[in-house]
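Peer 1: In this note's numbering, the protein residues as written are 713 to 819.
(1) Reducing DSSP to helix, strand and coil, say where residue 716 ends up.
(2) Buried or exposed: where does residue 797 fall if 16 or more other Cβ atoms within 10 Å of its Cβ makes it buried?
(3) Residue 784 to residue 765, Cα distance in whole Å?
(4) When the Cβ atoms of the segment 716-724 are set against those of the segment 752-762, are three or more pairs found closer than 8 Å?
(5) Is residue 735 helix, strand or coil when you go by DSSP?
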């Protein structure tokens with residue numbers, strides 16, 4: 713069972729939870745933009761955003777007193793955040809590259 717969050721940790725839990733959403737969105741957007749424009753800089757910025765996402769998740773996990781099963785679930789969530797945008801990119805690339813011969817989407 714999870715212990716309740718202490719009041720002094722409530723703001724940290726709330727703020728880190730919000731940052732998880734923000735950094736997850738920024739990671740996906742930068743990764744897609746970097747791949748679309750073939751810009752290594754945007755892709756590196758995307759991975760930097762993912763690192764900030766991982767740090768936010770670790771703070772959230774600590775302030776919410778996660779243990780056992782919840783730590784495993786947190787690790788799976790981080791893995792999903794890492795792989796899902798890349799899988800969606802590959803799906804979009806493979807789906808749309810056959811429609812237009814001069815598509816800007818590169819492998």
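For each residue, glycine too, the CB sits at the ideal point set by N, CA and C.
Peer 2: According to the data block:
(1) Here residue 716 refers to the residue found at position 4 of the chain shown. In the structure shown, residue 716 sits in coil (DSSP, three-state: anything other than H, G, I, E or B).
(2) The residue labelled residue 797 in the question sits at position 85 within the chain shown. Classification for residue 797: buried.
(3) Stepping through the chain shown from its first residue, residue 784 is reached at position 72. Stepping through the chain shown from its first residue, residue 765 is reached at position 53. Near 17 Å, if we compare the C-alpha coordinates of residue 765 and residue 784.
(4) no
(5) Walking along the chain shown from the start, residue 735 turns up at place 23. Three-state result, residue 735: helix.
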